[in-house]
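Listed in order, the protein sequences are those of chains V and Y.
Here this note's numbering is used: position 127 in the first sequence is 127, and no number is missing along the way.
Plus 341 on top of the position in the second sequence (first one is 1) and you've got this note's numbering.
From the three backbone atoms N, C-alpha and C, an ideal C-beta is built for every residue, glycine too.
2 protein chains.
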Amino acid sequence: MENRTDVNELGEFGLIDHLTKTFKNQNASTIKGVGDDAAVIDNGKNFTVVSTDMLVEGIHFDMMYTPLKHLGYKAVVVNLSDIFAMNAQPKQITVSIALSNRFSVEALEEFYGGIYKACERYGVDLVGGDTTSSPKGLIISVTAIGEVDKDKIAYRSTAKEGDLICITGDLGAAYLGLQILEREKQIYLSNPGVKPDLEEQNYLIGRQLKPEARADLIAKFAKNKLVPTSMIDISDGLASELFHLCKQSNLGAFVEESGVPIHPDAELMAIKFKMDPITCALSGGEDYELLFTIDPKDVEKIKYLADIYIAGEMVKKEEGIKLHTKGGNLHPIKAQGWKHF
Amino acid sequence: MENRTDVNELGEFGLIDHLTKTFKNQNASTIKGVGDDAAVIDNGKNFTVVSTDMLVEGIHFDMMYTPLKHLGYKAVVVNLSDIFAMNAQPKQITVSIALSNRFSVEALEEFYGGIYKACERYGVDLVGGDTTSSPKGLIISVTAIGEVDKDKIAYRSTAKEGDLICITGDLGAAYLGLQILEREKQIYLSNPGVKPDLEEQNYLIGRQLKPEARADLIAKFAKNKLVPTSMIDISDGLASELFHLCKQSNLGAFVEESGVPIHPDAELMAIKFKMDPITCALSGGEDYELLFTIDPKDVEKIKYLADIYIAGEMVKKEEGIKLHTKGGNLHPIKAQGWKHF
Chain V
1 MENRTDVNEL GEFGLIDHLT KTFKNQNAST IKGVGDDAAV IDNGKNFTVV STDMLVEGIH
61 FDMMYTPLKH LGYKAVVVNL SDIFAMNAQP KQITVSIALS NRFSVEALEE FYGGIYKACE
121 RYGVDLVGGD TTSSPKGLII SVTAIGEVDK DKIAYRSTAK EGDLICITGD LGAAYLGLQI
181 LEREKQIYLS NPGVKPDLEE QNYLIGRQLK PEARADLIAK FAKNKLVPTS MIDISDGLAS
241 ELFHLCKQSN LGAFVEESGV PIHPDAELMA IKFKMDPITC ALSGGEDYEL LFTIDPKDVE
301 KIKYLADIYI AGEMVKKEEG IKLHTKGGNL HPIKAQGWKH F
Chain Y
342 MENRTDVNEL GEFGLIDHLT KTFKNQNAST IKGVGDDAAV IDNGKNFTVV STDMLVEGIH
402 FDMMYTPLKH LGYKAVVVNL SDIFAMNAQP KQITVSIALS NRFSVEALEE FYGGIYKACE
462 RYGVDLVGGD TTSSPKGLII SVTAIGEVDK DKIAYRSTAK EGDLICITGD LGAAYLGLQI
522 LEREKQIYLS NPGVKPDLEE QNYLIGRQLK PEARADLIAK FAKNKLVPTS MIDISDGLAS
582 ELFHLCKQSN LGAFVEESGV PIHPDAELMA IKFKMDPITC ALSGGEDYEL LFTIDPKDVE
642 KIKYLADIYI AGEMVKKEEG IKLHTKGGNL HPIKAQGWKH F
């Protein structure tokens, strides 16, 4: 009998590492391959960055509470977020979909309406894709293409010891929005007569169903002539992204719990769900905020910028990745990420 | 009740047209969006071309007779073919997959082994992708990125009246290879004891399971300083591709049946299946050959090139798209293409 290793044993990141580690790049224009938010290609004049994501019905989204227009919008935004995380400007996207015959042309118009909105909002062009059928459900694959000056690019691997760790926006809200939607779904399934009451939770639900990418902050970096020493977008929770940054920069990190931004609505809802708000920020996903590091001498450039929080410092690898809690304890942070398999 | 238009009513090409017709490009760097083999982006120095395809288990491939290594190879090649069809050189690819838990790590190694082989053979780098789970089956999305000098690019829309229509390789073989595999599958399903006898049909089955893209001819064009006046790859059958070329160039076409290259093995097998060989060439898919047009004054540049056949001439739109049969009749050619929905 043949060997059979379950995909679960490696996890998503381990699996990608395992499958791609023997690949050798053959083109001089390939600057960065697998292992960052986006691939980096030298086009002579500047860098082209390319990122791609696949969204699968029943895994990444639930059609019971995801309006198709929001889904189209979100499918684009999550990819643009990866481009911004390279400190680059997205310019084009391709969108491929496989769909079962339960989707009508009108449903697809809704979906593309959301794609269109995101394109308008972020100034990107839909330049291609593929449309095919699937035996079951909806599968979406978006590729985003961006551009960045060669001296402005921000990798995951270039943080230095002593750099300040910065976080944008607030974390954990999208995860809590998902918990609310899941709870209401269960209530509806067991009693279809009950109308869900989501009115008071606009913020959390909006963060889950219609996230935005931080184009605004990339623009502010440019205006203030700041190039982060490293950057990654927060799609799988702060813990997982910190882990990537530390691993690739060969460093450790020291994070202050009080420096991790959490929205008051998220604080309250976490407590309602009997969860620790900081756990939601560390391990919840889909916030699409940015985690980046700066040289301490650049602190003046961000000090007065809204929506950016200094949360800690990059330290030697040997010191590990640690959270200094509000209670004064020092906890190791473990990468969770999404486990889809 | 809401309007519900079935996706079938529009077909694949109609659907894409319908969903993207209102999109307006916002970036000056977007030279060509939806509607060619690849999107074209001006990167300052030259053009970046981008193409993407989605392959869905049960729609585009059948795991019963598709070895995973071949599948990986083919998934890359079909995308590279689109890049070559722009007269461009592919440089990078991204590969995203969604897979159910019936796939083991060893199975994925096979699949990536095929991807790796194609990358080596065509000199492209795997630079990114996404790996996630699917509730059912395997879904593959590949994006290929290429490069071309601005004055060498070949679109679908730039053929001129009087240009010669050229076809590479031979057509219909991949379709007939598929028919053989499907037949053997049915025999196996009704009697698992019977071992399929495919030995004599290596050529046809190879064309289906392990196609190649015409990198060699693009290189010869460059060597002979030939830039086709228009070009498209033959993935959906000659009829469908002729239709695209004519529609976008606002012309008609006159094709000689005797000029359409068909391999002797395909001729024989078509007859065995009681099909007309020219129908297989016109409406069968997945040959990944090139259909292109040249200015008649360039005929000397291709006359002595192996594997290129002059099959007809571009004519006025009013004359339609017609096939001059070996029997002396003039038949209108209808685009078939794949109907997956």
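Of the other Cβ atoms in all chains shown, fewer than 16 fall within 10 Å of the Cβ of G327/V; this residue is therefore exposed. Sequence-distant Cβ neighbours of P537/Y in its own chain, meaning closer than 6 angstroms and more than five residues away, are E525. Chain-order list of chain Y residues neighbouring F23/V: Y457, C460, D466, L467, by C-beta distance under 8 angstroms. Taking I115/V as reference, the option from T132/V, A88/V, K136/V, T143/V with the minimal CA-CA separation is T143/V.
By the criterion of a C-beta distance shorter than 6 angstroms, K493/Y is surrounded in its chain by N428, V568, once the five residues flanking it on both sides are discounted. Closest in alpha carbon position to I310/V, among D163/V, D276/V, S240/V, is D163/V. Taking 8 angstroms as the CB threshold, Q367/Y lines the interface with chain V. With contacts defined as CB atoms closer than 8 angstroms, L291/V and K220/V fail to qualify as a contacting pair. Inter-residue distance for I486/Y and D557/Y is about 18 angstroms (C-alpha atoms, whole angstroms). With contacts defined as CB atoms closer than 8 angstroms, E256/V and G172/V fail to qualify as a contacting pair. Chain order gives the chain Y residues near G137/V as S475, P476, K477, where near means a beta carbon separation below 9 angstroms. Beta-bridge analysis with DSSP links A439/Y to T473/Y, I480/Y. Going by C-alpha positions, I603/Y is about 28 angstroms away from K458/Y.
E582/Y counts as buried, since at least 16 other C-beta atoms from the protein chains shown sit within 10 angstroms of its C-beta. Around the C-beta of A253/V, 16 or more other C-beta atoms lie within 10 Å, and the residue is accordingly described as buried. Per DSSP, I635/Y is not a residue of any alpha helix (DSSP H); the beta strand (DSSP E) it occupies stretches across 630 to 635. For Y309/V, the enclosing beta strand (DSSP E) starts and ends at 308 to 315. Spatial neighbours of D606/Y in its own chain (CB-CB distance under 6 angstroms, excluding positions within 5 residues in sequence) are listed in chain order as Y544, L545.
Sixteen is the threshold: since fewer than 16 other Cβ atoms of the shown chains lie within 10 Å of the Cβ of L671/Y, the residue is exposed. Neighbours of V50/V in chain Y, taken as residues at a C-beta separation under 9 angstroms, are given in chain order as V391, Q433, T435, V468, G469, T484, I486. Taking 8 angstroms as the cut-off between beta carbons, none of the residues of the segment 243 to 274 of chain V comes near chain Y.
With 16 or more other CB atoms across the displayed protein chains lying within 10 angstroms of its CB, D628/Y is buried. Annotation: the continuous alpha helix (DSSP H) that includes G14/V extends over 11 to 20.
The residues L396, A416, I438, in chain order, have a CB closer than 6 angstroms to that of I481/Y in the same chain once the five nearest residues on each side in sequence are set aside. The alpha-carbon of K551/Y is positioned some 19 angstroms away from that of T393/Y.
Neighbours of I400/Y across chain V, judged by C-beta separation under 8 angstroms: A98, T132, S133, S134, P135. For N43/V, the nearest CB of chain Y lies under 8 angstroms from its own CB, placing it at the interface with that chain.
Taking the C-beta atoms as reference points, K150/V is found no nearer than 8 angstroms to S100/V. Around the beta carbon of N79/V, 16 or more other beta carbons sit within 10 angstroms, so the residue counts as buried. Bounds of the alpha helix (DSSP H) holding E106/V are 105 to 122. Judged by beta-carbon spacing, I635/Y lies within the 8 angstroms limit of T570/Y, meaning their Cβ atoms are closer than that value.
Interface with chain V (8 angstroms Cβ-Cβ cutoff): G413/Y is excluded. Beta-bridge annotation (DSSP): P673/Y is paired with K663/Y. Under the three-state reduction of DSSP output, E286/V falls in the coil class, being neither helix nor strand. The beta carbons of E488/Y and Q527/Y sit no closer together than 8 angstroms. DSSP links I93/V through a beta bridge to L126/V, A144/V.
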